[in-house]
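Peer 1:
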Amino acid sequence: MRVMVVDDEPLARDGVRARLNTHQDLSWVGEAGDGETAMQVMEKLRPDLVFMDVQMPGMSGIDVLRCIDPERRPLAILLTAYDHFAVTAFELPALDYLLKPIDDQRFREALDRARTAMRHHLSDESVERSQEWAERFTVRVGQRIVVVEASDIDWIEANDDYAGLHVGSRVYLLREPLHQLSLRLDPRRFLRVHRSTIVRIDRIAELEALSNRDCLLRLKDGTPLRASRTYVDQLRAALAGGLDVRSS
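Under full-length UniProt numbering, the residues of the sequence shown are numbered 1 to 248, in order.
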C-alpha cells in the first residue's frame, strides 16, 4: 500500500514516517507541508492512503480531501490536536481519526482498518457500501453449535484467544482474538472503546467523563463499561452521528 503524509509540522511527518517504517507492507511515497502542495503531489503520486493533518496554514486537510473527486480520493486517516474535528472526520468520510500525540495502539488499529478497506477496493467494491461485515457467528456451547446474530450483541470483551459475545445475560465464547474480530464488524454499529472492549453503539445510554480523560459508559441494560481516553474522541464522534445519549 502506497502511503503519503501531509502535515505542516516536519516533526509530525517524521513521526508518522518512523511508525510506517516498521510495517513492511507499506511503501512511503512522499509528503507535503501544506494543502496546496498536497493537492499537486497527490495528483502526481496517486497514493493509496494519506495521513492528513486537519489544520494547516491556508487550505485545511479536510478542504483538500473534499476537493478531490471521491473516485480518485485516497483512503484518509485524519490527524489533529483538537478533538472537535472528530465528527467531521466521520462525515467526510475518513477511515479513522487520530488525536495528537498519536497513540501507538490507535495507530496500528487505523492501519488495520486501512488494510481492510484496501482489500475491498482491490476487489472493486465500494468501501462505504461494503457488505463484507459479519452478520452472524457460530459458537460451540457444549455439544451444540449456536448461531449468534451480530444485531443481538450488546458488547464484546477480550478473553485471551477468545472474544466474549455478550447477548443479554448470556456470554458466548467465540474462538477469535478481539483485534481480529474488530476488523470484521461494521464500524457504523460497533466501536472499540478499550483495548479489551467493543460495544454496539446503539446500546449506549449514558457517557460520563472521568478525571483522567477516560469515560464511563452505561448500556441500556445498566452494564457499566470503561472507555479508554485513546478511544474517547472516536466514541464521541460516533455518538454525535445520531445516537441520543446524555453526556456528563
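Where a beta carbon is used, it is the ideal one built from N, C-alpha and C, also for glycine.
1) Excluding the 5 residues preceding and the 5 following L138 in the sequence, name in chain order all residues of the same chain whose CB lies nearer than 8 angstroms to its CB.
2) By DSSP, does R236 sit in helix, in strand, or in coil?
3) Let's see if you can read the secondary structure: which residues bound the alpha helix (DSSP H) around I62?
4) Can you name, in chain order, every residue of its own chain whose Cβ lies under 6 angstroms from the Cβ of G35, other than the five neighbours on each side?
5) Quick check on E71: buried or exposed, where buried means 16 or more other Cβ atoms within 10 Å of its Cβ?
6) Rounded to whole angstroms, what is the Cα-Cα separation between L99 and M39?
7) The beta strand (DSSP E) that contains T37, what's its start and end?
8) Mind checking which residues open and close the alpha helix (DSSP H) that includes L95?
9) For D81, which residues of its own chain have a beta-carbon under 6 angstroms away from its beta-carbon, when the five flanking residues on both sides are left out?
10) Can you give me the C-alpha to C-alpha distance between L225 and R218, rounded to a whole angstrom?
11) Once DSSP output is grouped into helix, strand and coil, what is the label at T230?
12) Give me the Cα-Cα distance between V5 and F107, rounded to the nearest whole angstrom.
13) For L216, which residues of its own chain have a beta-carbon under 7 angstroms away from its beta-carbon, when the five flanking residues on both sides are left out?
14) Let me check understanding here. Comparing Cα to Cα, which of V171, A18, N159 and D152 lies closest to Q180?
15) I'd like to confirm the pairing. Which residues does DSSP put opposite T80 in its beta bridges?
Peer 2: The answer reads as follows:
1) Residue identity differs from the one stated: residue 138 is Thr in this sequence, not Leu. Contacts found: I145, V146, V147 and V148.
2) helix
3) G61 to C67
4) M56, G58, M59 and V64
5) Flag for E71 reads exposed.
6) 23 angstroms
7) Element bounds for T37: not the beta strand (DSSP E) but the alpha helix (DSSP H), G35 to L45.
8) No alpha helix (DSSP H) contains L95, which DSSP labels as neither H nor E.
9) The residue you asked about is not Asp; residue 81 is Ala in the sequence shown. So the qualifying residues of the chain are K100.
10) 6 angstroms
11) In this structure, T230 counts as helix in the three-state DSSP scheme.
12) 14 angstroms
13) E208, L210, P224 and R226
14) N159
15) L99
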